[in-house]
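**Student:**
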Amino acid sequence: MAFAEKVALVAGGTGGLGRAASLAFLSAGAHAIVTYRSDREFGDLKIGAGANASRLVGRQTDVTDEAAVQQLFAEITAQHGRLDILVNTVGGYAGGDKLWELDTRIFDQMLALNLRSGYVLARAAAKVMLRQGKGAIVNVASRSALVHEGGLAAYAASKAAAVALMDSLAADLKGSGVRVNSILPSIIDTEANRKAMPGAGFAKWPKPEDIARVILFLCSDDARVIHGAAIPVYGAD
Ligand SMILES: NC(=O)c1ccc[n+]([C@@H]2O[C@H](COP(=O)([O-])OP(=O)(O)OC[C@H]3O[C@@H](n4cnc5c(N)ncnc54)[C@H](OP(=O)(O)O)[C@@H]3O)[C@@H](O)[C@H]2O)c1
60 MAFAEKVALV AGGTGGLGRA ASLAFLSAGA HAIVTYRSDR EFGDLKIGAG
110 ANASRLVGRQ TDVTDEAAVQ QLFAEITAQH GRLDILVNTV GGYAGGDKLW
160 ELDTRIFDQM LALNLRSGYV LARAAAKVML RQGKGAIVNV ASRSALVHEG
210 GLAAYAASKA AAVALMDSLA ADLKGSGVRV NSILPSIIDT EANRKAMPGA
260 GFAKWPKPED IARVILFLCS DDARVIHGAA IPVYGAD
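So for the sequence shown, this note's numbering puts the first residue at 60; every next one is plus one.
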């Protein structure tokens, strides 16, 4: 119960990676506040949490909407008086089109889901955590933040910008007791990826639970010397 009494906000906490992170925080004793979009997915998470569901709260929040996120943080601080951990797993993927073929709406969507989500959440969390003099933020970016392949301009740019945002935030937070890091998955063994690539070798894909373990480590005091990092979680195969 390494996170007993800790309050963790997992944005996108019913998604492929978010679900594993939410369940891991609950198993480690934390109170988990999860943002979600689909009632069915939140219901499934509650069932998955079993006896730990008493420490799980869901909020249907669009985390790209700053007013909605401010409202969410006001509720969290009113109820718990603190926020120890923010993990942002909200994101979206679009690939395949060359830049000149890309629908600009997709470009805007990538920036909203992959950059603005972290911007809105991290600045709200930083204000609360600075008051506490302690806190940990993990933002999920992607290998594409570093490796800029063709057909991925909008996605890669949004993830690279998300890493830059967290790096600069880390510099702003230096010495404050609040730590911020990014993680960079390549492909994750999620249900959605299995459906999208039925012929692929799933066995070698990092499991959401394995990446969730890295997230928990980064949020723990054992990781107190890790700040401003962007950590690849590609797996070793
Ligand atoms: N899966 C991979 O292979 C992979 C690889 C590299 C990086 N990543 C990154 O890892 C993170 C998690 O990926 P994932 O596969 O777990 O994604 P996912 O299953 O799509 O989970 C993302 C969650 O965020 C929710 N969401 C979307 N837009 C939102 C919004 N505006 N406000 C609040 N919630 C919103 C989604 O809801 P809906 O389901 O209703 O859309 C979903 O529950 C993302 O940042 C992703 O880019 C994933």
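Just so it is clear, CB atoms sit at the ideal spot from N, CA and C, and this is done for glycine as well.
(1) Taking Leu145 as the reference, give the member of Ala108, Glu160, Ala295, Val187 with the closest Cα.
(2) My guess is that Gly193 and Gly236 are in contact by the Cβ rule of under 8 Å, so how many angstroms apart are they, rounded?
(3) Buried or exposed for Arg238, please, with buried defined as at least 16 other CB atoms from any protein chain shown within 10 angstroms of its CB.
(4) Examine ligand 1 and report whether any of its heavy atoms sits within less than 8 Å of the Cβ of Leu76.
(5) Using DSSP bridges, identify the partner residues of Val237.
(6) Should Arg202 be counted as a contact of ligand 1 given a C-beta to heavy atom distance under 8 Å?
(7) For Ala251, I'd like the list of residues in its chain whose CB is within less than 8 Å of its CB, leaving aside the five on either flank, ordered along the chain.
(8) State the Cα-Cα distance for the pair Val69 and Leu85, rounded to the nearest angstrom.
(9) Identify every run of the alpha helix (DSSP H) within the region 244 to 270, keeping only runs that are complete inside it and at least 4 residues long; order them along the chain.
(10) Where DSSP assigns a beta bridge to Arg118, which residues make up the other side?
(11) Run through DSSP, which three-state label would Ala70 get?
(12) Please state whether DSSP places Ala183 in a helix, a strand or coil.
(13) Would you mind sorting Ala110 into buried or exposed? The rule is 16 or more other CB atoms within 10 Å of its CB.
(14) Buried or exposed, going by whether 16 or more other CB atoms sit within 10 Å of the CB of Trp264?
(15) Between which residues of its own chain and Ala200 is the CB-CB distance below 6 Å, once the five residues before and five after are set aside?
(16) Tell me whether Tyr95, by its Cβ, gets closer than 8 Å to a heavy atom of ligand 1.
(17) For Ala288, which residues of its own chain have a beta-carbon under 6 Å away from its beta-carbon, when the five flanking residues on both sides are left out?
(18) Locate the beta strand (DSSP E) running through Leu145, then write down its first and last residues.
(19) Would you call the CB atoms of Ser154 and Leu211 closer than 9 Å?
(20) Confirm, please, whether the CB-CB distance from Val179 to Asp124 is below 9 Å.
(21) Quick one: does the C-beta of Ile150 sit closer than 8 Å to a heavy atom of ligand 1?
(22) Considering Ala153, what are the terminal residues of the beta strand (DSSP E) in which it resides?
(23) Within its chain, find whatever has a CB closer than 8 Å to the CB of Tyr293; leave out the 5 residues flanking it on each side and keep chain order.
(24) Assuming Val66 contacts Ala89 (C-beta within less than 8 Å), just tell me the rounded distance between them.
**Tutor:** On the basis of the data shown:
(1) In the sequence shown, residue 145 corresponds to position 86, counting from 1. It is Val187 whose Cα lies nearest to the Cα of Leu145.
(2) Locating residue 193 in the sequence shown gives position 134, where the first residue counts as 1. Locating residue 236 in the sequence shown gives position 177, where the first residue counts as 1. Before going further, note that residue 193 is Lys rather than Gly in the sequence given. The Cβ separation is near 5 Å, so the contact holds.
(3) In the sequence shown, residue 238 corresponds to position 179, counting from 1. Residue burial is scored here from C-beta neighbours: Arg238 has at least 16 other C-beta atoms within 10 angstroms and is therefore classed as buried.
(4) Locating residue 76 in the sequence shown gives position 17, counting from the first residue. Correct: Leu76 has its Cβ closer than 8 Å to ligand 1.
(5) If you number the sequence shown from 1, residue 237 lands on position 178. In the DSSP output, where bridge partners are listed per residue, Val237 has Gly194.
(6) Sequence index remark: in the sequence shown, residue 202 carries index 143 (1-based). Checking the Cβ of Arg202 against ligand 1 gives yes.
(7) Reading the sequence shown from its first residue, position 192 is the one you call residue 251. Cβ within range, chain order: Gly75.
(8) Locating residue 69 in the sequence shown gives position 10, counting from the first residue. Locating residue 85 in the sequence shown gives position 26, counting from the first residue. The straight-line gap from Cα to Cα measures roughly 11 Å.
(9) Listed in chain order, they are 250 to 255.
(10) Stepping through the sequence shown from its first residue, residue 118 is reached at position 59. For Arg118, the pairing in a beta bridge is given by DSSP as Thr94.
(11) Translated into positions along the sequence shown, residue 70 becomes position 11. The answer is strand: DSSP assigns Ala70 an E or B state.
(12) For the purposes of this step, residue 183 is taken as the residue at position 124 of the sequence shown. Ala183: helix per DSSP, three-state reduction.
(13) Here residue 110 is taken as the residue at index 51 of the sequence shown, counted from 1. Flag for Ala110 reads exposed.
(14) Numbered from its first residue, the sequence shown carries residue 264 at position 205. Around the beta carbon of Trp264, 16 or more other beta carbons lie within 10 angstroms, which makes this residue buried.
(15) Numbered from 1 along the sequence shown, position 141 holds the residue referred to as residue 200. For Ala200, where only same-chain residues beyond five positions count, the Cβ hits under 6 Å are Lys218, Ala221, Val222, Ser241, Leu243.
(16) Position 36 of the sequence shown holds residue 95. Correct: Tyr95 has its Cβ closer than 8 Å to ligand 1.
(17) Within the sequence shown, numbered from 1, the residue matching residue 288 stands at position 229. These residues qualify, in order along the chain: Asn240.
(18) Numbered from its first residue, the sequence shown carries residue 145 at position 86. Counting along the chain, the beta strand (DSSP E) containing Leu145 begins and ends at 144 to 147.
(19) Within the sequence shown, the letter at position 95 stands for residue 154. Within the sequence shown, the letter at position 152 stands for residue 211. The question names Ser, yet the displayed sequence has Gly at residue 154. Yes, the Cβ-Cβ distance between Gly154 and Leu211 is below 9 Å.
(20) Numbered from 1 along the sequence shown, position 65 holds the residue referred to as residue 124. Numbered from 1 along the sequence shown, position 120 holds the residue referred to as residue 179. It is a contact, given that the beta carbons lie within the stated cut-off.
(21) Here residue 150 is taken as the residue at index 91 of the sequence shown, counted from 1. Per the sequence shown, the amino acid found at residue 150 is Gly instead of Ile. Flag set: Cβ of Gly150 near ligand 1.
(22) In the sequence shown, counting from the first residue as 1, residue 153 sits at position 94. The continuous stretches of beta strand (DSSP E) do not include Ala153, and DSSP gives it neither H nor E.
(23) Against the sequence shown, residue 293 aligns to sequence position 234. Result list for Tyr293: Arg202, Leu243, Pro244, Ser245, Pro265, in chain order.
(24) As a working mapping, residue 66 is identified with position 7 in the sequence shown. As a working mapping, residue 89 is identified with position 30 in the sequence shown. Their Cβ separation, rounded to whole angstroms, is 7 Å, which keeps Val66 and Ala89 in contact under 8 Å.
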